[in-house]
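Keeping their order, the protein sequence lines are chains A and B. Numbering-wise (the working numbering), the first sequence opens with residue 160 and increments by one. Numbering-wise (the working numbering), the second sequence opens with residue 160 and increments by one. Backbone N, C-alpha and C define an ideal beta-carbon position, used for all residues, glycine too. Each remark here refers to the structure printed beneath this line.
Number of protein chains: 2
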Amino acid sequence: MRTDYCGAINKNFLEKTVTLCGWVHRRRDHGGVIFIDLRDRDGIVQIVFDPDNETAFHTAEITRNEFVIKVSGRVRHRPEGTVNPGIFSGDIEVLADQVEILNTSLTPPFQMDDEHLSEAIRLEYRYLDLRRPAMQRNLLLRHKVSMAARVFLDQHGFIDIETPMLTKSTPEGARDYLVPSRVNACHFFALPQSPQLFKQLLMVSGFDRYYQITRCFRDEDLRADRQPEFTQIDIETSFLSEDEIMGLMENMMRQLFADVMAVTLADPFPRISYADAMFYYGSDKPDLRIPLVLTELTDLMQTVTFKVFLDAAQIPGGRVAALCIPMGAELSRKEIDDYTQFVSIYGAKGLAYIKVNDLTTGLEGLQSPILKFLPEQVIQEILKRTGAKSGDLIFFGADKAKIVNDALGALRVKIGHERGFAENSWKPLWVVDFPMFEWDEEENRWQALHHPFTSPKTSHEDLLISDPGKALSRAYDMVLNGVEIGGGSVRIHQQAVQSKVFQALNIPDEEAQEKFGFLLDALQYGAPPHGGIAFGLDRIVAMMTGTDSIRDVIAFPKTQRAQCMLTHAPSAVAEKQLRELHIRLRKNDQPTS
Amino acid sequence: MRTDYCGAINKNFLEKTVTLCGWVHRRRDHGGVIFIDLRDRDGIVQIVFDPDNETAFHTAEITRNEFVIKVSGRVRHRPEGTVNPGIFSGDIEVLADQVEILNTSLTPPFQMDDEHLSEAIRLEYRYLDLRRPAMQRNLLLRHKVSMAARVFLDQHGFIDIETPMLTKSTPEGARDYLVPSRVNACHFFALPQSPQLFKQLLMVSGFDRYYQITRCFRDEDLRADRQPEFTQIDIETSFLSEDEIMGLMENMMRQLFADVMAVTLADPFPRISYADAMFYYGSDKPDLRIPLVLTELTDLMQTVTFKVFLDAAQIPGGRVAALCIPMGAELSRKEIDDYTQFVSIYGAKGLAYIKVNDLTTGLEGLQSPILKFLPEQVIQEILKRTGAKSGDLIFFGADKAKIVNDALGALRVKIGHERGFAENSWKPLWVVDFPMFEWDEEENRWQALHHPFTSPKTSHEDLLISDPGKALSRAYDMVLNGVEIGGGSVRIHQQAVQSKVFQALNIPDEEAQEKFGFLLDALQYGAPPHGGIAFGLDRIVAMMTGTDSIRDVIAFPKTQRAQCMLTHAPSAVAEKQLRELHIRLRKNDQPTS
C-alpha cells in the first residue's frame, strides 16, 4: 500500500514520489493551502494540499484528526522560513498528488501529543494512549531490550525452553492465582510465580544453559508499582561458579545498555557484601549515584547517658548511625520536620540532628537539641567519623538495626536526589554474601531470604543447623541505581544439603515431599551443580525509558485494583461455566462491580 | 569448571588437555581398564581410566550410570581397531588424569538410550526423559525455530509486544480457563485463547507490525494430540494486502526451513481455493505429497437408477465422487473391508468400488458389485474421468458433500501413505477464498468459519446479509503436508462491516458490545486496514523433528487427562485459598484423585 514510513522521509527523498499511510496528527488551513502532519510509528511528515489539485484538496478538507489516509506525492523542499529543524523531516514536505481516506475517526478524547492525561482515561482508551509517540517509543525500546537479551543468550549457548503456565500450587512466598480444572473435579492449577523448579529440573535434564522471557504471576496486595502479571528474563546454567554466572550476566547487561541505550556500564560491576551494604547504605540495594554513606556510632554510644542512643547501642541487634548531609545546616525547621515525618514511615521514632554551623568556633558552632546529652569527646568523635565540615548537618538513627537502616537508608536516597547529590549516571553493582535466612518475628521461625533452593556457602553447611542466622548463601542480586533488577544464586544440587535447609526452615519432610517432591526426587538422579538468575524486565525497561511506572512499559496493564480498564476484566461469568468447573460463588461475597 | 563440551571433542583436540563435566552414560571394565562414555548436551566422549593412575581409577570404579563427574585428561587417538566412525568423537578418547564425582545418582528407572519407553514412565520421570538425546535434540530444534522466527520478524520490522494472560472471558469458540479474582469478588479473569483482540488493538494503536511467540489456552475436550496450553507465533500487520502478508509469511517459513532444516521450500507456495481443495482433495488442508485426486461424478449420476448414487447426486449439497487407486486391483477383500470400516468414522455408509482388472477386455475386465446398476456409458465415462488403467481400483463416495469429502479425503491420505504414493518431501501451500460462514446444523445458524473479525472480500460485503453462504472471506491458511500450520486473514477495520457480520451471525448488538465492545469502540477511532496470521509452533516443530506427538516437543506437557504426571498438577488446594477467592467446591463433585 505504501512505499515508505512517514518518519523516514527526509532530504534523501527530494524530488521522489512516495506513497505514505498514516494518521492525521494535525490539520491546518493556511493561506488557502491545507497542511496535514501525517503520523505513523516512525514519525511525522508534513503533507501539502494545493487547491489546484481539486480532488485531493477536497478529500483533505474533510479529514479530521486521527483519520487514516493514504497519500501519494512528490517530496520537495519546504519554502524558506518554514523549515523546522526540530524534526527529522523538518526541511521537506510532500506535495500531495492523490489521497484516499482509509478510515474515519470519531473525535478522540485527547490529543496524541497531550502529556498531561489522567491515567484513568489513558487506560480506558489504551489503544489511543498507545498511539502517543512516548508510548510507541517505550514499547519499541522494550522489544529492543528483549531481542538484545535473546541474541546475547543465544550466542552464549542458552536455549529458550518454555515451561508450563498451568502448574502446581505451592503456597510458599506470594499467593497463587488458581485455575480450576474442569476435567479433574475440585482440583486446581496454579499460574507460576516463577519457573524456579522447572528450570532446576531442566538443569537435572542436562540442558546446561536455559533461558526464557516469561510471564510470572503473584496475587499480592498491590503496591504502587506492582502488576499481577510481570515478565522475567529467567536464566539457569550448569557447571558454573557464582563468579562465572555473575561475569556472564554483567556482560549481558553491559551489552543491553550498549545496544539499546548506547551507554557503557562499569566493567566489572563493583561487588559489595550484604553486610557492607547495610553498614554503609542501610540498604541491600544501594543507589551508588549518591556519594553519601552512613557512619557507624554504635560502639561510641555504649557509655553515653542519652537514653535513646544508649538503649539502641546496648540492645542486641541495635544500631546507632549517622548520616552527614553536606551543606545541610541550611535546612529549615520545616524541612527537618518533613524528613522526621518521612523516616517515621520506616518506624523511626525521631530524627535527631546536629547542625554544624561553624567548626572553627568549637562546640559553639554546633546547634542541636541533643548536644547537652552528649560528652564533648563523643561529639568530637562524631565530627571526626562523619567528616562533617562547616555548613553540614548530621542526622542520627538509633533503634533496632532494621529500623535505623531502613530509615537512614531511605533518607540518604531521598536527600541525595532532592538536594542534588545524585550523579546523573548508571551505577550497577552486585550485592553478595547474603544471609541464608532471616528471622520471622511474626511466625517465630527462620525464613529463606531468597528461596529454600539457594545453596549455602560450602563452608557454611554446618551452620545451617548450629547457627542458622550466621549461614551465608551463594546468592547475588544485581542492583542498578538503587533498584534490584535481578536476583539469583547457585542452587542446592545435593539432596542432603536440601534436607538440612528444610530442617533449618522447620519444614517437615512430608510437607517438603508434598510440595517439592519432584524436585527432591530429581536431585537424587545426578543433578549437576547449577545456578541462575531472574531479571525483572518491566523494571529494567521502565528505568531505561525514564518512567516511574512499569505501567508505561506494559501494553495492557492492570490498575492497582488488578482490573483492566479497557476490557473490564475480571468480569462476571455464566453460571454454566462455574458449574463445569465444579465451583460456586460464596453466597455472602458480593460482586463489587 | 570445564574447558569444553564432551560432544565437541574430536581430532582437533589431539594432545590437548581438556576438562569435561557430564553424566556417566555407560561404564565398561575391559582388560583391566575402565571406559566411561561421558555425556553432556553436546554429545558423548570416551574417557579411559588407566589403573596406573590409582586415584582416578578408584574414583572411576565407584561411579555408576548417571553419576555427574568432572574429568581432566589428555585427548589421544583410540587404539587401532577401536575407532567408532559412527560418532563425532569416534576416533579419539580422553585419558583421564583427574576425576571428581560432582553428584551421585540412584539407578535410573530406564536407560538413556532406550527407545521403547512407555509414555507414563517418561512423563513421571520427565527430568530423566529429557536427558535422552532425542529429547535434547527436539527442544534444541524448537529453540532454533523460535529464534529464527524472531530474527526474521525483527529484521522485517515486527515488534514483539506482550499481551495479557489475565484477560476477559469471551465464551466464543472453545471453553475458557478461568481465574477467580481475589480483589474483585466473584469476578473472573480468563486465560487467552489467542491474543486476537489485543493484536488488533495494537494495529489501531499504530504499531504497524506486531509479533509475539505466546502461550494460548483452550479448555477443550482433549483429543489425541492437543494440549491445554500451546504456543502460537502470533503476527499482525497494517497497510498490507493479503497477497503481501502471504508473501512475507512464506518468506519466513522458507527461511525457518532453510536455517533449521537446510530444506528449500517451494517459492512461491502454490495457492488453491477452498472450493478447489474440497473438489480435488476433499479437504481444506490437502497433503500435496500424495498425487491422487478425487474425480467429480455428481453430474454423471443425475439419471442413473442406482439409488445410492442417484440420491446423493440429487439432494442439495450432495456429492458423488471417485478416488482411483493405481494398482489398487490387487487389494484383498480384507483390505477393502478395512478401508470401508475406516471411512465409516467419517459417516460414510459404505465404500463402493470397481476393480479395473483388465481394460483391454471391456466391461469383462471390471469387477464390482455395483456394475450391474450402472449403464455402460456411465461406466465408460467413469473410466475416462478417473483415467483408470488396468490394475487400478476406483473407490466411490456418495452422500452429503461433507461426508464424501471427509471420507474420500481421509482415504486418499491413508492409502497415499500406506501404499507408497506419498513423496518424501515438504509440500507447503496456501488455501484461500474460504467461505465467511458455515451452517451450524445443531444451532441452526451461521457460524464464522474462522472468527467474526475476518474481513469479507470487498465485493462480497453485500452477500453478508443477502446470501451469507456465498460470501467469501479474505482468510488464508498455510498448510504443510496435510497439516494446517497457520491460519490468518485480513481483518475487518470498518465498524459498519463488523456490524454486518455480527448481524449475519445473529449476534445482537448488546451481546457484541458486551463481549467485544472495546474492539468495536477502537474501530471507530481510526483503525487502519490490517491483517495477520497465527502459526502453531508445537505442531511445526513436531513435524520438523518427525515426531507424531506434540508432547515430544514440549518440555513439560500434560496428559490427555490434562494432568502433569511430574508435579501432579492440578491438585487439591487449601480451603483458605478458596475462601480468599470467594468460591467453594460443589458438594457433589468429588475429586477424582
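In DSSP terms, what residue i is bridged to
i, result
"arginine 187 of chain A", "A:Phe194"
"isoleucine 203 of chain B", "B:Arg198"
"aspartate 393 of chain A", "A:Gln371, A:Ala693"
"glutamate 643 of chain A", "A:Val638"
"glutamine 606 of chain B", "B:Glu597"
"histidine 727 of chain B", "Note: histidine 727 of chain B sits in no beta bridge, so no partner."
"proline 268 of chain A", "Answer is none; proline 268 of chain A lacks a bridge partner."
"aspartate 551 of chain A", "A:Val515"
"serine 432 of chain A", "A:Val591"
"leucine 179 of chain B", "B:Val230"
"cysteine 483 of chain A", "A:Ile553"
"glutamine 684 of chain A", "Before going further, note that residue 684 of chain A is tyrosine rather than glutamine in the sequence given. Tyrosine 684 of chain A pairs with B:Ser264."
"phenylalanine 347 of chain B", "A:Ser730, B:Pro339"
"arginine 382 of chain A", "None, per the DSSP bridge assignment."
Partners in chain A for residue i, counting only beta-carbon separations shorter than 8 Å
i, result
"lysine 327 of chain B", "Cys723, Thr726, His727, Ala728, Pro729, Ser730"
"valine 338 of chain B", "Tyr336, Leu337, Val338, Leu350, Pro729"
Spatial distance of residue i from residue j (CA atoms)
i, j, result
"isoleucine 742 of chain A", "glutamine 736 of chain A", "9 Å"
"serine 752 of chain A", "aspartate 335 of chain B", "Residue placement at serine 752 of chain A is poorly supported in this model, since its pLDDT is 45, which falls under 50; the coordinates are not used for a value here."
"isoleucine 251 of chain A", "isoleucine 168 of chain A", "8 Å"
"isoleucine 246 of chain A", "glutamate 601 of chain A", "59 Å"
"arginine 571 of chain A", "alanine 701 of chain B", "56 Å"
"tyrosine 498 of chain B", "serine 340 of chain A", "39 Å"
"threonine 394 of chain B", "glutamine 355 of chain B", "Reading off the sequence shown, one finds isoleucine at residue 394 of chain B, where the question assumed threonine. The alpha-carbon atoms of isoleucine 394 of chain B and glutamine 355 of chain B are separated by roughly 9 Å."
"alanine 125 of chain B", "glycine 202 of chain A", "Since the first residue of chain B shown is 160 and the last is 752, residue 125 of chain B is not available in this structure."
"aspartate 384 of chain A", "aspartate 697 of chain A", "10 Å"
"tryptophan 585 of chain B", "alanine 308 of chain A", "33 Å"
"aspartate 517 of chain B", "isoleucine 553 of chain B", "13 Å"
"valine 248 of chain B", "isoleucine 449 of chain A", "Note that residue 248 of chain B corresponds to serine in the displayed sequence, not to valine. If I take the Cα positions, the gap works out to 55 Å."
"asparagine 603 of chain B", "methionine 437 of chain B", "23 Å"
"methionine 412 of chain B", "isoleucine 404 of chain B", "12 Å"
Amino acids of chain B, ordered along the chain, whose beta-carbon sits closer than 8 Å to that of residue i
i, result
"tyrosine 512 of chain A", "What tyrosine 512 of chain A touches in chain B: nothing, since even the nearest Cβ is about 42 Å away."
Chain A residues whose Cβ lies nearer than 7 Å to that of residue i
i, result
"glutamine 653 of chain B", "Asn262"
"histidine 741 of chain B", "Leu744, Arg745, Asp748"
"proline 753 of chain B", "A question about residue 753 of chain B goes unanswered here, because the residues of chain B that appear run from 160 up to 752."
Contacts of residue i in chain B (Cβ-Cβ under 7 Å)
i, result
"phenylalanine 677 of chain A", "Leu725, Thr726"
"valine 342 of chain A", "Arg720, Ala721"
"phenylalanine 428 of chain A", "Those within 7 Å of phenylalanine 428 of chain A in chain B number zero; the least Cβ separation is about 22 Å."
"histidine 290 of chain A", "Note that residue 290 of chain A is arginine in the sequence shown here, rather than histidine. Simply Ser364, Gly365."
Residue i: contacting residues in chain D (beta-carbon distance under 8 Å)
i, result
"cysteine 165 of chain B", "In the displayed structure, chain D is absent; the protein chains listed are A and B."
Partners in chain B for residue i, counting only beta-carbon separations shorter than 9 Å
i, result
"leucine 287 of chain A", "Val363, Ser364, Ala681, Tyr684, Gly685"
"leucine 399 of chain A", "Met160"
Interface residues of chain A facing residue i [CB-CB closer than 9 Å]
i, result
"arginine 650 of chain B", "Per Cβ cutoff of 9 Å: no residues; arginine 650 of chain B is ~12 Å from chain A at best."
Pull out every residue of the stretch 298 to 330 of chain A whose Cβ sits closer than 7 Å to any Cβ of chain B, in chain order.
Correct list: Leu298, Leu299, His302, Ser305, Met306, Arg309, Asp313, Ile318, Asp319, Ile320, Glu321, Thr322, Pro323, Met324, Leu325, Thr326, Lys327, Ser328, Pro330.
Closer than 8 Å between beta carbons: that is the criterion. Which residues of the stretch 364 to 389 of chain A meet it against chain B?
Within the stretch 364 to 389 of chain A, the qualifying residues are Ser364, Gly365, Phe366, Asp367, Arg374, Phe376, Asp378, Leu381, Pro387, Glu388.
Any residues in the stretch 684 to 709 of chain A with a beta carbon nearer than 8 Å to a beta carbon of chain B? Which ones, in chain order?
Tyr684, Gly685, Ala686, Pro687, Pro688
Kindly confirm or deny that the stretch 239 to 247 of chain A and the stretch 265 to 277 of chain A touch, where touching means at least three C-beta pairs closer than 8 Å.
no
The stretch 562 to 576 of chain B touching the stretch 423 to 435 of chain B, judged by at least three CB pairs closer than 8 Å:
no
Of the residues that make up the stretch 218 to 243 of chain B, which ones have a beta carbon closer than 7 Å to any beta carbon in chain A?
Glu225, Phe226, Val227
What residues in the stretch 179 to 201 of chain A have a beta carbon less than 9 Å from any beta carbon of chain B?
Cys180, Gly181, Trp182, Val183, Arg198, Asp199, Arg200, Asp201
Residues in the stretch 409 to 426 of chain B with C-beta within 7 Å of chain A's C-beta atoms, listed in sequence order?
none
Stretch-stretch touch, CB-based, cutoff 8 Å, three pairs: the stretch 651 to 659 of chain A with the stretch 668 to 686 of chain A:
yes
Any residues in the stretch 624 to 645 of chain B with a beta carbon nearer than 8 Å to a beta carbon of chain A? Which ones, in chain order?
none
How about the stretch 182 to 191 of chain A and the stretch 220 to 230 of chain A: do they share at least three Cβ pairs that are nearer than 8 Å?
yes
Are at least three pairs of beta-carbons, each pair with one atom in the stretch 194 to 212 of chain A and one in the stretch 703 to 710 of chain B, less than 8 Å apart?
The stretch 194 to 212 of chain A is not in contact with the stretch 703 to 710 of chain B.
Three or more C-beta pairs closer than 8 Å, one from the stretch 276 to 290 of chain A and one from the stretch 342 to 355 of chain B: is that the case here?
Touching, no.
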